[in-house]
Structures are given as structure tokens and as C-alpha cells.
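Notes to accompany the following structure.
Residue numbers (my numbering): 44 to 327.
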């Protein structure tokens, strides 16, 4: 069992954020770019980010002071079809479950309740153990004025408003990043910041230990990134279980989603024919 000491930075969004089409979370690359922009505006260097010494996860819901991570790959065993559909909608898992039950998971509905079963152990899947979602999508309609032709062009912006706090993990934290985060409160995160999207307040920064049960798989907290955009100190080859795919060995160039399980690895990169994908930045 490995203990990785990090910081958990908790934010409260006061306006919806717009990241991408139907995106309901702030991905790690958006955070990377936001911090680089803020550090640049402050006249501070960001070599630690470019060199991979500072790593950020994507942002996840923080509900009742508990961090919930994207539900990793799981199978469902349930004879009740209506119940099975409900279980498949689970989107986020209390990170404390990862500390107790080694993945990958099977969710079973039994007479006395629902259970999450791992490679070595099981526990009842109570309501405090998971979230189906943590916010809502909204669509805002705007007018774009064409003053030359004296006309208005109506367009829409898709955004997501969390109903809980959200938090991201950082492997390093210092005063420069603290100042950059304070500036990002004013600048916002994501697209359409000039229209008021992506504004937040910092709720807190605290030490955070993640103890991943078992040692066969690790959990990817971010999506893929473009090779060369952010450097890494180490790349490895491995087998994976995709977060939204079947339990198969990928032999093609694939984009590894948040919540994927990876074997014995720190960082990855694409290499044709060797089942290699790129894992974005924090693997726990």
C-alpha cells in the first residue's frame, strides 16, 4: 500500500464554468494552462510545471468534506434491470473506498443492499459512498452585435454549475502557486471568462493522503495530454483498463479517460503497437 502526500485544493464555484462541449468537470490540462497564465501575469517562472515537478489532477466533487473520484471501470451484477440501470449511472466514488477495497470493481445488488466488490474485499455501497452527478448543465443564449450591419447574432454557451464544492490534487504547493490561485479567482477558469464564467472562491488548502489499497492497479486522475506539451520525468509501458471501456488490452492509440486503472506505472506516452497510452499528470 502506497501513501502519496499531496495537497487538496477546494474551490466553490460562484458562476458556471465552460470547458468543452458537455464537459462537467475541470480537466487537469485546463488547470495547467490556467496556472501558467496566472504565473506569467505575476511575472513568476513556471519551470516546475514544464519540468513535471508540479502535477495537478483534474477537479472532482468534494461533498461533505469528502473527495469523490471518477468511478473506475466496474461490472454490474444485478437481476433487477431497473436497479441495474440506476447502478450504471454512478459517476463518482468516495475516495475512501479506494483505500479499503482494491480495484477493479464489481457492483452487486443483493437482498440486503448493494455491494462493491473488489479483488480482495467488499463493502456495502451506501448513499455516502457515491454520487450520480454533482451539478447541472445550463445553456445561456447571448447576442453578438454586428454594429456595421446593425444586426444581432444569437448564439448559445453550454456550461456546468456544480452543486458541491470541487477539489483538485497537487503534488507540490508553494507561495507562488498560492498567489496564482488567488489571481485565478478574479480571472476565472475555462472558456468565456470575459463573460463571467468560471469564477470561484478558494475554500481551503490542506494536506491529503491517498492510500490505494492493493498494488496491482493505480488510478489515473487526469485525461491524456499532448506529448511535448508538458514534460514528464519518466515514461513506462503497461497494460490498462480504460475507465469507460471493457476489460481489454488496448493495442491501438487510445485516449485514456479519467478513472482508468493502470498497472505499475508513473507516466506514460504513446508508442504504436505496444499498448502504450498517455496518462495525464497524477497517478495514485
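A virtual CB, placed ideally from N, CA and C, is assigned to each residue, including glycine. Computed from a prediction, not measured in an experiment: that's the story for all the values here.
Pop quiz: residue i and residue j are said to be a contact at Cβ under 8 Å. What is the actual Cβ separation, rounded to whole angstroms?
| i | j | result |
| --- | --- | --- |
| residue 81 | residue 230 | 7 Å |
| residue 61 | residue 241 | 7 Å |
| residue 77 | residue 227 | 6 Å |
| residue 56 | residue 200 | Between residue 200 and residue 56 the Cβ distance is about 15 Å, and since that is not below 8 Å, they are no contact. |
| residue 262 | residue 327 | 5 Å |
| residue 178 | residue 67 | 7 Å |
| residue 238 | residue 115 | In fact, because the Cβ distance is near 35 Å, the residues do not count as touching under 8 Å. |
| residue 130 | residue 157 | 7 Å |
| residue 254 | residue 142 | 5 Å |
Taking the beta strand (DSSP E) that residue i belongs to, which residues open and close that run?
| i | result |
| --- | --- |
| residue 244 | 243-255 |
| residue 132 | Looking at the DSSP string, residue 132 is not in any beta strand (DSSP E), and its letter there is neither H nor E. |
| residue 60 | Residue 60 -> no beta strand (DSSP E), and no H or E assigned at all. |
| residue 329 | Residue 329 cannot be examined here, being either before or after the span of the chain that is shown, 44 to 327. |
| residue 151 | 148-153 |
| residue 261 | 260-265 |
| residue 164 | 164-167 |
| residue 156 | 156-161 |
| residue 327 | Looking at the DSSP string, residue 327 is not in any beta strand (DSSP E), and its letter there is neither H nor E. |
| residue 234 | Residue 234 -> no beta strand (DSSP E), and no H or E assigned at all. |
Run the CB neighbour count on residue i, radius 10 Å, all protein chains shown included, and call it buried at 16 or more, exposed below.
| i | result |
| --- | --- |
| residue 84 | exposed |
| residue 104 | buried |
| residue 233 | buried |
| residue 135 | buried |
| residue 53 | buried |
| residue 65 | exposed |
| residue 243 | buried |
| residue 197 | exposed |
| residue 117 | buried |
| residue 252 | exposed |
| residue 184 | exposed |
| residue 155 | exposed |
| residue 208 | buried |
| residue 325 | buried |
Which residues bound the alpha helix (DSSP H) around residue i?
| i | result |
| --- | --- |
| residue 175 | Taken as a continuous stretch (DSSP letters only), residue 175 belongs to no alpha helix (DSSP H), as it is neither H nor E. |
| residue 225 | 218-230 |
| residue 143 | 138-143 |
Below 8 Å CB to CB, which residues in the same chain sit around residue i once its five sequence neighbours on both sides are set aside?
| i | result |
| --- | --- |
| residue 120 | 149, 150, 151 and 152 |
| residue 217 | none |
| residue 301 | 68, 70, 101, 113, 263, 264, 265, 266 and 286 |
| residue 89 | 78, 79, 82 and 83 |
| residue 225 | 245 |
With a CB to CB cut of under 7 Å and the five nearest residues on each side skipped, what residues in its chain are close to residue i?
| i | result |
| --- | --- |
| residue 144 | 159, 161, 164, 165, 166 and 256 |
| residue 222 | 85 |
| residue 59 | 181, 202, 203, 204 and 240 |
| residue 40 | Residue 40 is absent from the model: the chain starts at 44 and stops at 327. |
| residue 127 | 119 and 121 |
Taking 6 Å as the limit between beta carbons, can you name the residues of its chain near residue i, skipping five residues before and five after?
| i | result |
| --- | --- |
| residue 137 | 109, 111 and 172 |
| residue 50 | 213, 216 and 248 |
| residue 219 | 87 |
| residue 97 | 91 and 215 |
| residue 132 | 175 |
Practice task
Could you tell me which uninterrupted alpha helix (DSSP H) segments, each at least 4 residues in length, are contained entirely in the segment 64-108, listed from first to last along the chain?
Solution key: 71-84 and 90-93
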